[in-house]
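With positions in the sequence shown counted from 1, the corresponding number in the working numbering is that position plus 1. Every residue gets a Cβ at the ideal spot worked out from N, C-alpha and C, and that includes glycine. None of these values were measured; they are calculated from a predicted model. Below is one structure, written out as structure tokens; comments come after it.
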Amino acid sequence: MFITPAFAQAPGADPFGGQGMNLGLGDAMNLGWKLASVIKGWTPEDLLDTYTAERHPIAAWALQWTRAQIALMRPEPHARAMGEITRDLIETRAGATYFAKRIAGVWQRYDLGPGHPLIGKSASDLAFEDGTRLGTYLQPGRAVLFHFGNPSNHTVVEEHERFRLVRTQCVEPPPVRALFIRPDGFIAWAGDVGEDGDGLDTAFRKWLGAGAPTILYGARFTGAR
2 MFITPAFAQA PGADPFGGQG MNLGLGDAMN LGWKLASVIK GWTPEDLLDT YTAERHPIAA
62 WALQWTRAQI ALMRPEPHAR AMGEITRDLI ETRAGATYFA KRIAGVWQRY DLGPGHPLIG
122 KSASDLAFED GTRLGTYLQP GRAVLFHFGN PSNHTVVEEH ERFRLVRTQC VEPPPVRALF
182 IRPDGFIAWA GDVGEDGDGL DTAFRKWLGA GAPTILYGAR FTGAR
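This is how it looks when you write it as structure tokens:
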């Protein structure tokens, strides 16, 4: 197995806004947890193949974005004309939203298979009733299964070998009853386990190498399916 060195700024990406650096960090986050999972023997080596499938399209887009930025900076009439049109677009709501999403990366979505529209997207940093936020529970770099609707309004965290279980209550109505989030912050499954337990089990087996917990089928965690 060949392991790449630490990631630097992506080659070919311009330094404006740190986009190349962000791309490199995303690459490292995507591959790092997968390498750890394979080394621990949790998942087969073909999990590493998903790195290219997920990250190559984003790298290709970043290269195109870089080419467009460089073209606009050329000291010639055509570039200046395009720059004026681009500035006009940015002053509109739709144009500003487009550029903001592109620069922030929130448009990114991996093709992780069928299911809820949230699957494959980066998880939003939801606010919880106890004052914490979703991102806080991803900081240890582990997969997290969130179950929204804890009536006590207190967040309860259970640590398991391959994932964390977090029962909590959102400040705003959550988009789904439960989220299974990979260590890199991307949503591997979303929905209501009572309706799509098989989908959750499939996601657990694919990304963690073990069956999904039966936690949402009963009052408390009873092990893997």
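Under a 10 Å Cβ-count criterion, GLU160 is classified as exposed, with fewer than 16 other Cβ atoms of the shown protein chains found around its own Cβ. For a cut-off of 8 Å, the C-beta gap from VAL145 to PHE164 is around 6 Å, short enough to register as a contact.
Going by beta carbons, PHE181 and ALA204 fall inside the 7 Å limit. HIS79: member of the alpha helix (DSSP H) spanning 78 to 91, first to last residue. Annotation: ARG81 to ASP185 spans about 40 Å, alpha carbon to alpha carbon. If you draw a straight line from the Cα of ALA37 to the Cα of ALA29, it is about 12 Å long. If you draw a 10 Å sphere on the C-beta of ARG183, you find 16 or more other C-beta atoms in it, and that means buried. In terms of CA proximity to PHE187, GLY106 leads the group GLY132, GLN170, ARG168 and GLY106. If you check the CB distance, TRP190 and GLY198 do not come in under 7 Å.
By the Cβ neighbour-count rule, PHE129 is buried, with 16 or more other Cβ atoms within 10 Å of its own. When secondary structure is reduced to three states using DSSP, LEU146 falls in the strand class.
Residue environment analysis places GLY25 among the buried positions, since at least 16 neighbouring C-beta atoms fall within 10 angstroms of its C-beta.
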